[in-house]
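Participant: What follows is a single structure, and I will ask about it in a moment.
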Amino acid sequence: MDPAKLAEAVSYAQQHETERPLDLSDQEVIFGSLLGSMPTRRAKTNGVVIYKGYVVAEFGDTGAVDPTYSVAKSMLATVAGVALRDGRIASLDQPVAASVKDGGYASPHNAAVTWKMHLQQASEWQGEMFGKKDDFIGAAQFGKGERKPRELKQPGGFYEYNDVRINRFALSLLRVMDKSVPDVFQQEVMDPIGASSSWKWVPYANSYVQHEGKRMPTVSGGTRWGGGMWINSWDMARFGYLWLRGGQWGGKQLLQPSYVKEALTPSEHGPDLGYLWWLNTKGKTLPGLPSNAFAALGAGSNTITVSPNHDLVVVWRWHSGNSAEFAKRVIAAIK
């Protein structure tokens, strides 16, 4: 790599920190009333660049364990891949109600929801999770993310970015795995890829459920209402590298290649989204990057950008602007 151009890329990233306050005191204004804890202070912008398996750049406090917001959705998709691998989910096209009998899919409307619909944010699941309704109506509950009332559509035919439904999906994964999602993620993903022990998937104060006679935490797909995945940049980079390598690590296939391929294929409805991974097939999500680039995107912004064409993983946290801007500058430094 060209060291001068790489230094320019890092300098660009350092100069584009998020405008969100260091104490994250804007959380409830943006997202609505909290259900879980929040840190009292975040790190400043930081990141790690992995090229051809080598760490070629690092800046800022990359060891800081901070909420990564909706990057957790891509992590939930990974847990779903483990469930499919292990036969806990027979088919992604199977209705969730076939294996989850806790009442969440008892209505005729919800009975039609499949695992794939959850993964593509097209479930239209109807209900309430931990005091938040799926309709996202009301500024007190949902902050600037509130929406106007609309007619509920049939499951599978309409996309909506909706964390209540994602939280239902996470609980359903707990039901079929017979253990908490953080335990599955640690044992089947993070330990095998050599992640640290510093990350934690924080539940809401009221998101504990009974399963098989045990009290278990069920977690969220983000930090919209507090809690969520709190993690450092190095562990995010390892996670991104697992997906860059098609679900393989150290010669072991942690995710089925067919699942990885499906997960990185755009859904029929909505934006350029696979199974809770943002895609670039239309060139709009990551402008200037190849069409097969993909990303895990979280508010803040907290991002993992992957470009298979360049054997590249870029973690960039607490930044402003599109993550592709940093990645493009890194790519320009490749000789």
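Reading the sequence shown from the start, the letters are residues 70 to 404 in the numbering used here.
All C-beta atoms, glycine included, are put in the ideal place defined by N, C-alpha and C.
If you're wondering where the values come from, they're calculated on a predicted model, not measured in any experiment.
1) What do you get for Tyr-123, buried or exposed, if any count of 16 or more other CB atoms within 10 angstroms of its CB means buried?
2) Distance, Cα to Cα, Ser-102 vs Met-144?
3) Name the DSSP beta bridge partners of Met-285, please?
4) Under three-state DSSP, which class holds Thr-147?
5) Could you tell me whether the segment 368–387 touches the segment 303–315, where touching means 3 or more Cβ pairs closer than 8 Å?
6) Going by alpha carbons, who is nearest to Trp-194 out of Ala-152, Lys-217, Ala-166, Pro-224?
7) Quick check: the Cα distance between Asp-162 and Leu-366, rounded to an integer number of angstroms?
8) So what's Phe-238 in DSSP terms, helix, strand or just coil?
9) Report the rounded CA-to-CA distance for Asp-184 versus Ile-373, giving the unit in angstroms.
10) Using C-beta distances below 6 Å, list every residue in its chain close to Lys-222, excluding the 5 sequence neighbours before and after it, in chain order.
11) Rounded to whole angstroms, what is the Cα-Cα separation between Val-169 and Ala-152?
12) Suppose contacts are defined by Cβ-Cβ distances below 8 Å. Is Val-288 in contact with Val-253 by that definition?
13) List the endpoints of the continuous beta strand (DSSP E) containing Arg-398.
14) Checking 8 Å against the spacing of the C-beta atoms, do Val-134 and Trp-387 come in under that value?
15) Check the DSSP bridge columns for Met-198 and list the partner residues they point to.
16) May I ask you to list the residues that DSSP assigns as paired with Asp-135?
17) Pairs of beta-carbons, one from the segment 170–177 and one from the segment 231–249, closer than 8 Å: are there three or more?
18) Tell me, please, whether the segment 317–325 touches the segment 265–278 by the rule of three or more beta-carbon pairs shorter than 8 Å.
Facilitator: For this structure:
1) Position 54 of the sequence shown, counted from the start, is the residue given in the question as residue 123. The residue is exposed, with fewer than 16 neighbouring Cβ atoms inside 10 Å.
2) Taking the sequence shown and counting its residues from 1, the one referred to as residue 102 is at position 33. Taking the sequence shown and counting its residues from 1, the one referred to as residue 144 is at position 75. Cα-Cα distance, rounded: 24 Å.
3) If you number the sequence shown from 1, residue 285 lands on position 216. Val-278, per the DSSP bridge assignment.
4) The residue given as residue 147 occupies position 78 in the sequence shown. Three-state DSSP puts Thr-147 in a helix.
5) yes
6) Position 125 of the sequence shown, counted from the first residue, corresponds to residue 194. Among Ala-152, Lys-217, Ala-166, Pro-224, the Cα nearest to that of Trp-194 is on Pro-224.
7) If you number the sequence shown from 1, residue 162 lands on position 93. If you number the sequence shown from 1, residue 366 lands on position 297. Distance between the alpha carbons of Asp-162 and Leu-366: 26 Å.
8) Counting from 1 along the sequence shown, the entry for residue 238 is found at position 169. Looking at Phe-238 - three-state DSSP - the assignment turns out to be helix.
9) Here residue 184 refers to the residue found at position 115 of the sequence shown. Here residue 373 refers to the residue found at position 304 of the sequence shown. According to the sequence provided, residue 184 is Trp. The question's Asp does not apply to it. Those two C-alpha atoms are separated by around 24 Å.
10) Position 153 of the sequence shown, counted from the start, is the residue given in the question as residue 222. Excluding residues within five positions, the ones whose Cβ falls inside 6 Å are Glu-193.
11) Position 100 of the sequence shown, counted from the first residue, corresponds to residue 169. Position 83 of the sequence shown, counted from the first residue, corresponds to residue 152. In a straight line, the C-alpha of Val-169 is about 13 Å away from that of Ala-152.
12) Against the sequence shown, residue 288 aligns to sequence position 219. Against the sequence shown, residue 253 aligns to sequence position 184. Contact: no.
13) Your numbering for residue 398 matches position 329 in the sequence shown. Arg-398 -> not in any beta strand (DSSP E); alpha helix (DSSP H) instead, spanning 392–401.
14) As a working note, residue 134 is residue 65 in the sequence shown. As a working note, residue 387 is residue 318 in the sequence shown. Contact flag unset, no.
15) Residue 198 sits at position 129 when you count from the first residue of the sequence shown. Per DSSP, Lys-201.
16) Sequence index remark: in the sequence shown, residue 135 carries index 66 (1-based). DSSP, once it has assigned bridges, lists Ile-300 as partnering Asp-135.
17) yes
18) no
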